[in-house]
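Student: Numbering of the sequence shown is given in my numbering, commencing with residue 1 and proceeding in unit increments.
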Amino acid sequence: MNLSFISTLFLALVLGFSQIQFQELIGSWQLVDFDGIKKIKTSPEYLSSSKAFRADLEAKINYRLENTVYKFIPGDSLTYTDYVNKEIVLRKAKIELSEDNVLTIQEGKNVKQAKIISFDGNNLVIEPIGKDGKSGGKLFFERIVEKKEEK
């Protein structure tokens with residue numbers, strides 16, 4: 001009987017610690033990689049393209065990485081950059097984090113979901129969930145540490 005109780009307690013502790021709390025996400029996160037890059041760079045189209053085309057595409061990928069920032073705001077908000085007609089646009093959304101670490105991002109009537117795959121305080125990996133339930137590939141973020149001004 002004691003063994004059963006200890007096993008149950010251990011399981012509860014493990015599950016309790018694996019749930020991410022929204023306040024742990026608060027702050028700014030820089031996109032540093034995404035699965036789509038690997039797919040692009042190993043595609044036959046990319047591999048058979050000209051050096052100039054690959055360089056141009058590489059510049060666009062780097063531009064997207066440098067300009068994609070998610071900022072989780074205390075309460076239930078998220079601001080993030082998006083691309084509309086080749087321009088960077090700042091978006092605002094309401095966000096919920098479920099017990100199974102699924103982010104629900106609601107911007108007006110538009111609702112998106114993403115599963116938090118891993119999180120360690122400085123690194124965040126999310127996997128968007130498509131409307132068909134399939135993954136859109138993983139997005140890899142690093143926390144942006146705000147530098148304090150010296151006086």
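Each residue gets a CB set at the ideal place from its N, CA and C atoms; glycine is no exception.
Would you kindly work out how many angstroms separate the C-alpha atoms of K109 and L124, rounded to a whole number?
Tutor: C-alpha separation (whole angstroms): 26 Å.
Student: Suppose you measure from the CA of I37 to the CA of T104; what does that come to, to the nearest Å?
Tutor: Their Cα atoms are separated by approximately 24 Å.
Student: I'd like to know whether the C-beta atoms of L65 and L31 end up nearer to each other than 8 Å.
Tutor: In this structure, L31 lies closer than 8 Å to L65 by Cβ.
Student: For a test of the three-state rule: what should DSSP assign to K71, helix, strand or coil?
Tutor: Of the three classes helix, strand and coil, the one that applies to K71 here is strand, per DSSP.
Student: So, for S118: in the same chain, excluding its five sequence neighbours on each side, which residues have a beta-carbon less than 8 Å away from its beta-carbon?
Tutor: So the qualifying residues of the chain are L124 and V125.
Student: Return helix, strand or coil for F5, following the three-state DSSP convention.
Tutor: Here the model assigns F5 a pLDDT of 44, short of 50, so the residue's position is not dependable, and the following value carries that caveat. Reduced to three states, the DSSP call for F5 is helix.
Student: Exposed or buried, I88, counting other C-beta atoms within 10 Å across all chains shown (16 or more means buried)?
Tutor: Its Cβ having fewer than 16 others within 10 Å, I88 is exposed.
Student: Among D132, G121, K131 and G133, whose alpha-carbon lies nearest the alpha-carbon of F140?
Tutor: Nearest option by C-alpha distance: G121.
Student: CB-CB under 6 Å to S98, same chain, minus the five flanking residues each way: which ones, in chain order?
Tutor: Hits under 6 Å: none found.
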